[in-house]
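In the UniProt record's numbering, the protein residues as written are 1 to 211.
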Amino acid sequence: MDEHGGPVATAAPAVPHPRRRRVDPRLIAAGVLVVLLALGAGVMLVLRGHPLTVDGRYVTDPAAVLADADRRFADYVDQRAGARGPQSRCWFQLIDPDGSEIARELRCGPVLFVGGDPARSWLRFPLTATPAGGDVRLRPAGLPTDPDPQALDDAGLLFHPDGASPPSGSAGLRVPEVPRAEPGYTAVGPFPTLSWTAPAGPPGWPGPRPR
Numbered sequence: 001m002d003e004h005g006g007p008v009a010t011a012a013p014a015v016p017h018p019r020r021r022r023v024d025p026r027l028i029a030a031g032v033l034v035v036l037l038a039l040g041a042g043v044m045l046v047l048r049g050h051p052l053t054v055d056g057r058y059v060t061d062p063a064a065v066l067a068d069a070d071r072r073f074a075d076y077v078d079q080r081a082g083a084r085g086p087q088s089r090c091w092f093q094l095i096d097p098d099g100s101e102i103a104r105e106l107r108c109g110p111v112l113f114v115g116g117d118p119a120r121s122w123l124r125f126p127l128t129a130t131p132a133g134g135d136v137r138l139r140p141a142g143l144p145t146d147p148d149p150q151a152l153d154d155a156g157l158l159f160h161p162d163g164a165s166p167p168s169g170s171a172g173l174r175v176p177e178v179p180r181a182e183p184g185y186t187a188v189g190p191f192p193t194l195s196w197t198a199p200a201g202p203p204g205w206p207g208p209r210p211r
């Protein structure tokens, strides 16, 4: 008791604070590395867009591959005096609609040539693959595997980086007419696609001899 007979106040016993555990710096570094790897993978997916693969390897710059193929396709059609329209271009063909693996041929169309069929208006252009680090680089050929267009029966497998869908049918194209030479047109051979056989004897008058 104090001098007045009251109870003496006593201090509450000190409560010991729990010791803070030190975090292993290696765990922090590992966590940061995991986050950076995840961010890097996300950035790569954004940059790649829809990933395309050949034999499991990523295709580098798919848009550039198709731009090159479009030029080759247009040159080929023009050389054959064919008909192509604003929607005529080249597309990748997926092996599986839900996968990333593509065929080693591009589908290019619609296109029609002299004597063609509007129901058959797509060409196939082969692709050559070369390693590019861990990825693969593709180069389209200048000529199709078959000069005769075929029907497009697998439009759901065609893919373009811009997300567009292929046109239906021949996109309104008409079969072109046989090109006619302008008056006075001349050409100098050789003509490898033409054949000629020399006459067996001296030139003579065709039909009955005049009297």
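Glycine included, each C-beta is placed from N, C-alpha and C at the ideal position.
Residues of its chain near residue i, where Cβ-Cβ distance is below 6 Å and the 5 sequence neighbours each way are ignored
{"i": "Gly142", "result": "Arg72"}
{"i": "Val114", "result": "Pro176, Val178"}
{"i": "Phe66", "result": "The sequence shown places Leu at residue 66, not Phe. Contacts found: Cys90."}
{"i": "Val77", "result": "Arg84, Val111"}
{"i": "Asp135", "result": "Arg57, Tyr58, Thr60"}
{"i": "Arg80", "result": "Phe113"}
{"i": "Leu45", "result": "Its pLDDT being 41, under 50, Leu45 is placed unreliably in this model, and the coordinates cannot settle the point."}
{"i": "Thr128", "result": "Arg139"}
Residue i to residue j span [Cα, whole Å]
{"i": "Pro166", "j": "Gln150", "result": "15 Å"}
{"i": "Pro161", "j": "Gly116", "result": "30 Å"}
{"i": "Gly172", "j": "Asp70", "result": "19 Å"}
{"i": "Gly189", "j": "Pro144", "result": "26 Å"}
{"i": "Gly156", "j": "Pro97", "result": "7 Å"}
{"i": "Pro192", "j": "Arg137", "result": "35 Å"}
{"i": "Asp146", "j": "Arg139", "result": "18 Å"}
{"i": "Ala187", "j": "Ala181", "result": "10 Å"}
{"i": "Ala38", "j": "Trp122", "result": "Low per-residue confidence applies at Ala38: pLDDT is 45, beneath 50, and the placement is therefore not dependable enough to give any value."}
{"i": "Pro103", "j": "Ile95", "result": "For the record, residue 103 in the displayed sequence is Ala; it is not Pro. If I take the Cα positions, the gap works out to 6 Å."}
{"i": "Ala198", "j": "Asp75", "result": "36 Å"}
{"i": "Asp185", "j": "Val54", "result": "The amino acid at residue 185 is misidentified as Asp; the sequence shows Tyr. Each residue's alpha carbon lies about 48 Å from the other."}
{"i": "residue 212", "j": "Asp68", "result": "Lying before the first or after the last residue shown, residue 212 is absent from the chain, which here runs from 1 to 211."}
{"i": "Gly82", "j": "Gly99", "result": "34 Å"}
{"i": "Pro126", "j": "Ser168", "result": "23 Å"}
{"i": "Leu194", "j": "Arg174", "result": "28 Å"}
{"i": "Arg120", "j": "Leu152", "result": "7 Å"}
Residue j beta carbon less than 8 Å from that of residue i
{"i": "Gln93", "j": "Arg107", "result": "yes"}
{"i": "Ser170", "j": "Pro131", "result": "no"}
{"i": "Gly85", "j": "Pro110", "result": "yes"}
{"i": "Arg124", "j": "Glu105", "result": "yes"}
Start and end residues, alpha helix (DSSP H) containing residue i
{"i": "Val111", "result": "That residue, Val111, is in no alpha helix (DSSP H); its beta strand (DSSP E) goes 105-112."}
Residue interval of the beta strand (DSSP E) (run including residue i)
{"i": "Asp70", "result": "Element bounds for Asp70: not the beta strand (DSSP E) but the alpha helix (DSSP H), 62-79."}
{"i": "Gly85", "result": "83-93"}
{"i": "Thr128", "result": "123-132"}
{"i": "Arg174", "result": "Careful: Arg174 lies outside any beta strand (DSSP E) and carries neither H nor E."}
{"i": "Asp135", "result": "135-140"}
Cβ neighbours of residue i in the same chain (closer than 8 Å, five flanking residues each side left out)
{"i": "Gly201", "result": "none"}
{"i": "Phe159", "result": "His50, Leu52, Trp91, Phe92, Gln93, Leu94, Ile102"}
Cutoff 7 Å; reference residue i; Cβ partners in own chain excluding five residues on either side
{"i": "Pro183", "result": "none"}
{"i": "Ala63", "result": "Pro161"}
{"i": "Gly133", "result": "none"}
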